[in-house]
Ligand SMILES: [Zn+2]
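Residue numbers (the numbering used here): 6 to 437.
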């Protein structure tokens with residue numbers, strides 16, 4: 006194993022031996038359960054269980070799962086475990102249907118958030134000499150503030166630009182000597198595109214690290230961003246429910262995403278049956294929080310698909326378990342004429358073809374009287390042409406068993422979403 010040295014924010018906590026991590030996990034579970042049981046809504050959900058019943062990880066696995074729907078139904082504070090006067094902040098998910106999921110933060114939760122984010126920055130090799138430009142929005146979305154607290158904690162210089170105004174972002178990046186870009190995963194594509202359109206020289210930047218998350222991004226997209234922006238990227242995970250970004254991040258060894266096990270407990274389960282999956286097998290990520298106060302999570306179904314890569318110490322020195330990069334979500338799997346696939350698989354394949362992508366959109370519809378149709382709208386460079394198209398069709402058919410109609414577009418023709426990229430448009434149910 007090649008040692009990859011990078012400083013740690015909390016070296017002792019980040020290198021605990023496995024048996025100590027398991028001990029901490031059990032203590033955290035009992036604490037979390039005790040906290041939840043103070044609320045009638047949680048007691049109704051959990052039935053007759055006491056914190057002392059949890060003397061092994063298998064007892065935890067007997068507790069019921071917590072679902073997104075339950076958190077939505079609890080809007081706004083139905084499952085909150087702090088007194089309203091002790092809530093210092095709320096963040097909420099940007100769900101497109103139904104109530105948003107509200108996370109009430111105690112003072113301790115904001116502290117916890119800053120601490121795990123500080124760990125993430127150091128894992129990405131970022132320190133107090135860095136200039137961190139924070140491009141996710143500051144608001145109800147957790148992105149902006151999470152990156153902000155962590156960067157403040159490590160003593161870096163913060164440029165809190167928030168979302169949008171890409172042209173200005175580039176200018177500030179150059180003029181202020183930004184070294185670290187914090188962004189949602191597809192935002193670098195905007196930066197690259199605007200730089201091209203405006204003749205902005207990306208080589209005039211001092212960027213060296215990009216910490217990206219909040220959307221699925223393929224290894225192909227990762228390579229593209231690293232090449233175009235001359236940066237090393239780090240994949241950060243987390244969601245409103247867990248308290249924002251900072252649940253985990255990959256490290257210079259790049260052999261999986263470390264999840265901070267003294268704060269969070271991970272399980273991987275069969276998305277259909279909920280049965281536990283062994284290490285190495287892919288399934289749905291289930292998260293329990295061990296230190297959060299406002300909205301503790303007990304076996305929360307995240308819908309994210311991944312697997313446990315390793316529980317062995319990593320080349321970076323950290324001992325916390327590693328998950329694979331998220332492969333997709335149980336709810337973004339596309340089923341088309343009996344074939345299942347994830348948008349990320351299409352993206353990976355596209356980016357292997359010079360001149361194709363990275364902008365694309367998959368449109369599913371059902372023409373009147375016809376059968377289901379899949380169209381791939383693909384931005385391609387001028388030289389891509391018929392031969393490129395032929396090779397791409399062949400690979401889509403061979404590797405993913407897909408034969409979409411492909412419409413080639415000029416660069417810039419697809420609409421750009423202001424936030425997360427829209428990769429799939431499914432019109433089959435709407436009858437459009
Ligand atoms: Zn590592």
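No residue lacks a Cβ here, since even glycine has one placed at the ideal position from N, Cα and C. Just so we're clear, the structure is a prediction, and the values are computed from it rather than from any experiment.
- With a threshold of 16 other beta carbon atoms within 10 Å, residue 108 meets it and is buried.
- Per DSSP, the continuous beta strand (DSSP E) segment holding residue 309 begins and ends at 305–311.
- Nearest to residue 239 by alpha-carbon distance, out of 224, 37 and 374, is 224.
- For the alpha helix (DSSP H) assignment, the uninterrupted runs of no fewer than 4 residues enclosed by the segment 30–93 are, from N- to C-terminal side, 45–51, 62–65 and 73–78.
- Residue 25 counts as exposed, since fewer than 16 other beta carbons sit within 10 angstroms of its beta carbon.
- In this structure, ligand 1 has no non-hydrogen atom nearer than 8 Å to the beta-carbon of residue 22.
- DSSP places residue 106 in the coil class of the three-state scheme, outside both helix and strand.
- Placement of the Cβ of residue 320 at a distance of less than 8 Å from at least one heavy atom of ligand 1 is found.
- Closest in alpha carbon position to residue 207, among 233, 173, 191 and 216, is 233.
- By the CB criterion at 9 Å, residue 424 and residue 13 fall outside the cutoff.
- Under the 10 Å beta carbon count, residue 340 is surrounded by fewer than 16 other beta carbons and is classified as exposed.
- Taking 8 Å as the cut-off, one finds no heavy atom of ligand 1 near enough to the beta carbon of residue 266.
- Boundaries of the beta strand (DSSP E) harbouring residue 378: 378–385, taken from the DSSP string.
- With contacts defined as CB atoms closer than 9 Å, residue 304 and residue 69 qualify as a contacting pair.
- Between ligand 1 and the CB of residue 16, the shortest heavy atom gap is not smaller than 8 Å.
- Scanning the segment 192–277 for uninterrupted beta strand (DSSP E) segments of 3 residues or longer gives 214–218, 237–244, 249–255, 262–264 and 269–274, listed from N- to C-terminal end.
- For the 9 Å CB-CB criterion, residue 333 and residue 221 form a contact.
- For residue 179 and residue 147, the gap between their C-alpha atoms comes out near 26 Å.
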